[in-house]
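S.K.: So that we are looking at the same thing, I have put the structure below in structure tokens.
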Amino acid sequence: MANAIGGLTLQLVAEESLRTLVPQLQPLTKIAVTDFGAYVAERGSTVHTRYAGKFTAADYSRATGFATVDAVSTDVPVTLVDQKHVTIGFTDYEVATLSLDRLRRLFMAPMANAVVKSLFDQVLTKVDNDFADGYSGTQANFNRIAVSNIAKSLTLANLPQEGRAALVSPDAYQQLISDPVIAQAFSIGTTDVIRGNRLGMIHGVDFYEYNGFDAAGIQAGLNGVVSCREGLVVVTRVPAAPTTGGGEQTIVTDPDSQFSYALRYWYDWTQGLHKLSATWLIGSAKGNPDALQKIKFTS
263 MANAIGGLTL QLVAEESLRT LVPQLQPLTK IAVTDFGAYV AERGSTVHTR YAGKFTAADY
323 SRATGFATVD AVSTDVPVTL VDQKHVTIGF TDYEVATLSL DRLRRLFMAP MANAVVKSLF
383 DQVLTKVDND FADGYSGTQA NFNRIAVSNI AKSLTLANLP QEGRAALVSP DAYQQLISDP
443 VIAQAFSIGT TDVIRGNRLG MIHGVDFYEY NGFDAAGIQA GLNGVVSCRE GLVVVTRVPA
503 APTTGGGEQT IVTDPDSQFS YALRYWYDWT QGLHKLSATW LIGSAKGNPD ALQKIKFTS
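First residue of the sequence shown? That's 263 in this note's numbering, and the numbers climb one at a time after it.
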């Protein structure tokens, strides 16, 4: 018989965790190449991905025909350096009184938030001086014109105009929200800015807010990145299921991004706790340095 938490099967708990997790993953898939999968791996394994080099159109002539150039691409090895986990314990009384609604309200949202934050933190530590500054200046001067200049610099770098996205700090996000031109709903044809506190797209760049640019290992002053995805790469896999010791493991997979983690449940007789744990393997790397620009605030 499958293990259950207060009568809730692990599969039902997995479905609830997925429902909470999915909306938070979208910004990550917009700013980085994601190689997620439910494949079993171990810490220290290396996954390889590639990005294509630049090409230039040539003139056709009968003398030379369709002259070819080498299909040059750059290898990006990504090592699964860490096995992350979020583990919580329930007392016997809590399990006896646990309902699906209580599980959702009290535990699923914080658990999913911790999972997603670890992914963003891992990726953002790779943003360093190999990437150009799209904006470097005071917070007060970060406005619509600054975004326009970033969009221009991305175009000058021959990056596609489709799929541009920005992940910015609350300070940067609020600075744009407060821009009087952006705040005037009629200027961009929507009421979302004032009524929903949502920026959406500005000068071809979709904006997402993230409260974690002050985490350890992230470059000082960094308050955002604008990317065409190929600048950063993040890889995740799942650890193998334990073969002894009791308990149960199921794999939770986001159907859109394919991000997967192992959800485990077991009873610890020594501590007298029901343990619920989400765990996954993760690694990240820098990709194409031209495909990402930084937003930095100076003092």
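Every residue, glycine too, gets a C-beta built ideally from N, C-alpha and C.
May I have the straight-line CA-CA distance separating R312 from K548, to the nearest angstrom?
M.R.: The alpha-carbon atoms of R312 and K548 are separated by roughly 11 Å.
S.K.: Determine whether the beta carbon atoms of L494 and L554 lie at a separation below 8 Å.
M.R.: Yes.
S.K.: With a threshold of 6 Å on Cβ separation, who are the neighbours of A300 within its own chain once the five nearest residues in sequence on each side are excluded?
M.R.: Excluding residues within five positions, the ones whose Cβ falls inside 6 Å are V500, I513, T515, S522.
S.K.: How far does the beta strand (DSSP E) with V430 in it extend, from its first residue to its last?
M.R.: Element bounds for V430: 427 to 430.
S.K.: What alpha helix (DSSP H) runs, 4 residues minimum, are completely inside the stretch 318 to 386?
M.R.: Segments of the alpha helix (DSSP H) lying fully in the stretch 318 to 386: 354 to 358, 362 to 365, 371 to 386.
S.K.: What does a CB cutoff of less than 8 Å around G534 pick up in its chain, not counting 5 residues either side in sequence?
M.R.: Excluding residues within five positions, the ones whose Cβ falls inside 8 Å are T353, D354.
S.K.: By DSSP, does S410 sit in helix, in strand, or in coil?
M.R.: It is helical.
S.K.: By Cβ distance, which residues of its chain are closer than 8 Å to M263, with the 5 residues on each side in sequence left out?
M.R.: At M263 the pLDDT is 39, less than 50, meaning the model places this residue with poor confidence; the figure from the coordinates comes in the next sentence. Hits under 8 Å: none found.
S.K.: Would you check if the distance between the CB atom of S546 and the CB atom of V348 is smaller than 8 Å?
M.R.: Cβ distance not < 8 Å, so S546 and V348 don't count as in contact.
S.K.: Specify the secondary structure class of N403 as computed by DSSP and reduced to three states.
M.R.: Three-state result, N403: helix.
S.K.: Taking a contact to mean a Cβ-Cβ separation below 8 Å, would you say R544 touches S380 in this structure?
M.R.: The sequence given here has Ile at residue 544, not Arg. Yes; because the gap between Cβ atoms is below 8 Å, this pair is in contact.
S.K.: In angstroms, rounded to a whole number, what distance separates the CA positions of T330 and L421?
M.R.: Roughly 23 Å separates the two Cα atoms.
S.K.: Count the other CB atoms within 10 Å of the CB of T506; is the residue buried (16 or more) or exposed (fewer)?
M.R.: Classification for T506: exposed.
S.K.: At the level of alpha carbons, what is the spacing between T541 and M373?
M.R.: Spanning the two alpha carbons is a distance of roughly 11 Å.
S.K.: What is the rounded straight-line gap between the Cα of L429 and the Cα of F469?
M.R.: Approximately 6 Å between the Cα atoms of the pair.
S.K.: So, is the C-beta of D518 closer than 8 Å to a C-beta in chain C?
M.R.: No chain C appears in this structure, which consists of one protein chain only.
S.K.: Write down the C-beta distance between Y529 and E510 rounded to the nearest angstrom, noting that I regard them as a contact closer than 8 Å.
M.R.: Actually they are not in contact, since the Cβ atoms of Y529 and E510 sit about 11 Å apart, beyond 8 Å.
S.K.: With L438 and L461 assumed to form a contact (beta carbons below 8 Å), what rounded beta-carbon distance in angstroms separates them?
M.R.: About 6 Å separates the two Cβ atoms, so the contact holds.
S.K.: Would you mind working out which of Y322, I464, F382 sits nearest Y435, comparing C-alpha positions?
M.R.: When only C-alpha atoms are compared, the closest one is I464.
S.K.: Taking the alpha carbon of L342 as the point to measure from, which residue in S323, E356, T336, V309 has its own alpha carbon closest?
M.R.: Taking only the C-alpha atoms, the option nearest L342 is V309.
S.K.: Hey, how far is the Cα of D441 from the Cα of A358?
M.R.: So the alpha carbons of these two residues sit roughly 52 Å apart.
S.K.: At what residue ranges does the stretch 526 to 551 contain a whole run of the beta strand (DSSP E), taking only runs of 3 or more?
M.R.: Qualifying beta strand (DSSP E) stretches, in chain order: 535 to 548.
S.K.: Which class does T498 belong to by DSSP, given the choice of helix, strand or coil?
M.R.: It is a strand residue.
S.K.: Quick one: grab the DSSP three-state call for M263.
M.R.: Annotation note: pLDDT 39 at M263 (below 50); position unreliable, no value reported.
S.K.: Using only alpha-carbon positions, find the residue among A524, F475, R491, F559 that is nearest to L386.
M.R.: With distances taken between Cα atoms, L386 lies closest to F475.
S.K.: Starting from the C-beta of G399, find all residues in its chain whose C-beta is less than 7 Å away, skip the five residues before and the five after it, and write them out in chain order.
M.R.: The answer, listed in chain order, is T560.
S.K.: At what residues does the alpha helix (DSSP H) containing V443 begin and finish?
M.R.: Residues 442 to 445.
S.K.: Starting from the Cα of P551, find the closest Cα among A325, D392, L287 and give me that residue.
M.R.: Looking at the Cα atoms, D392 is the closest of the given residues.
S.K.: In whole angstroms, what separates the C-alpha of N411 from that of I444?
M.R.: N411 and I444: Cα-Cα distance of roughly 16 Å.
S.K.: In whole angstroms, give me the CA-to-CA distance for F382 and V340.
M.R.: Looking at the two C-alpha atoms, the distance is approximately 16 Å.
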